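Numbering-wise, the sequence shown is residues -31 to -1, 1 to 189 according to mature numbering (1 follows the signal peptide of the UniProt record, and there is no 0). Think of the CB as a built atom: it goes at the ideal place given N, C-alpha and C, for glycine as much as any other residue. Computed from a prediction, not measured in an experiment: that's the story for all the values here. Worksheet: the structure to be examined is printed underneath.
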Amino acid sequence: MPKSKVNRLSRVLTLALVTVFSSLLASRTFADTGSIGVLVIPSGTLALTTPDPANNWVLPCDELDGVVLAPDSPAPIPASEIQVGVRNNNNGPVPNATVVVEFNQGPIQLCPNGVFTAITNEQGIAYLTLAGGGCLSETPLSAVIKANGVTIRNYANVKSPDFDGSGADLVVNLADLVQFSAEFLGNGPAVCHDYDNNGTTDLGDLIIFSPAFVAGAHCP
């Protein structure tokens, strides 16, 4: 075949291939990139797993404006069993989030079998048991709660039925009752046994203190 014809045929084939390839490219979408080995990550994935503190809740701590600890044997008292709801900025639940409660452990003592770390369920809820004793009042960073590394709560109050006026010994006993009674009767300032932080040690606080004292709550 003459060289001129070969050149013309080559140009025709090249043009045809370019046309076909251009048509294929025009018909593709970014969603197709997965078929050629490109990993596409939805832009909202990180946001869906990032907690938004404004949409989260911690019960009953939010209602008490602080954290209540108590020795958990023979059984935890209700105020020390907390529920943490973890939600994103769309108010959607964040499952499998790691929730951690951290304390300023100066005057705070913790029971070894307390549950201070948990994983949220499919509804984005985690359950923890805050077992311990001591008192911190109006002290920033007394208790910090994090979800997936994000601080969702910072409480300035951590209180417990286990406080005798000077500290905790991880047993709720007569010494703690004496201190509670002094605050309850107005013979001393309402501070460490004012569990709901309303400025008064009253009936609501007695309801929290009583089950721990009656059971002789202690760390196992």
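If you run the structure through DSSP and keep just helix, strand and coil, what is residue 8? The predicted model places residue 8 with a pLDDT of 44, which falls under 50 and marks its position as unreliable; any figure quoted below should be read in that light. Reduced to three states, the DSSP call for residue 8 is coil.
Pop quiz: residue 76 and residue 38 are said to be a contact at Cβ under 8 Å. What is the actual Cβ separation, rounded to whole angstroms? About 11 Å; that fails the 8 Å criterion.
Leaving aside the five residues before and after residue 17 along the sequence, list all residues of the same chain whose C-beta is less than 7 Å from its C-beta, in chain order. 57 and 61
Beta-carbon proximity of residue 20 to residue 66, cut-off 8 Å: yes
Within 10 Å of its beta-carbon, does residue 86 have 16 or more other beta-carbons around it, so buried, or fewer, so exposed? exposed
So residue 126 and residue 41 are in contact, right, with Cβ under 8 Å, and what is the actual spacing, rounded? So it is not a contact: roughly 20 Å between Cβ atoms.
Run through the DSSP bridge pairs and tell me what residue 50 is partnered with. 98
Quick one: what's got a C-beta closer than 6 Å to residue 6's C-beta in the same chain, skipping five residues either side? Legend: pLDDT at residue 6 = 45, less than 50; position of this residue unreliable, no value from coordinates given.
Return the Cβ separation of residue 73 and residue 98 in integer angstroms, given the expectation that the two are a contact with Cβ distance under 8 Å. About 19 Å; that fails the 8 Å criterion.
Please report how far the alpha carbon of residue 151 lies from the alpha carbon of residue 166, in whole angstroms. 16 Å
How about residue 90 and residue 54: do their beta carbons lie closer than 8 Å? no
Whose C-beta lies closer than 7 Å to the C-beta of residue 159 among residues of the same chain, with five residues either side of it excluded? 152, 168, 169 and 170
Could you pull the DSSP bridge partners for residue 86 from this structure? 69
Given this structure, state the Cα-to-Cα distance separating residue 82 from residue 135, to the nearest angstrom. 24 Å
Rounded to whole angstroms, what is the Cα-Cα separation between residue 49 and residue 36? 8 Å
Would residue 113 pass as an interface residue toward chain C - the criterion being a Cβ-Cβ separation below 8 Å? Judged by its chain identifiers, the structure shown contains no chain C, having just a single protein chain.
Bridge partners for residue 140 per DSSP, in chain order? 187
Give the single residue among 141, 116, 121 and 118 whose Cα lies nearest to the Cα of residue 128. 141
Within the region 103 to 134, note down every full beta strand (DSSP E) run reaching 3 residues or more, in order along the chain. 112 to 116 and 119 to 124
Whole-angstrom C-beta distance between residue 114 and residue 183, which should lie under 8 Å: Not a contact, Cβ separation roughly 29 Å.
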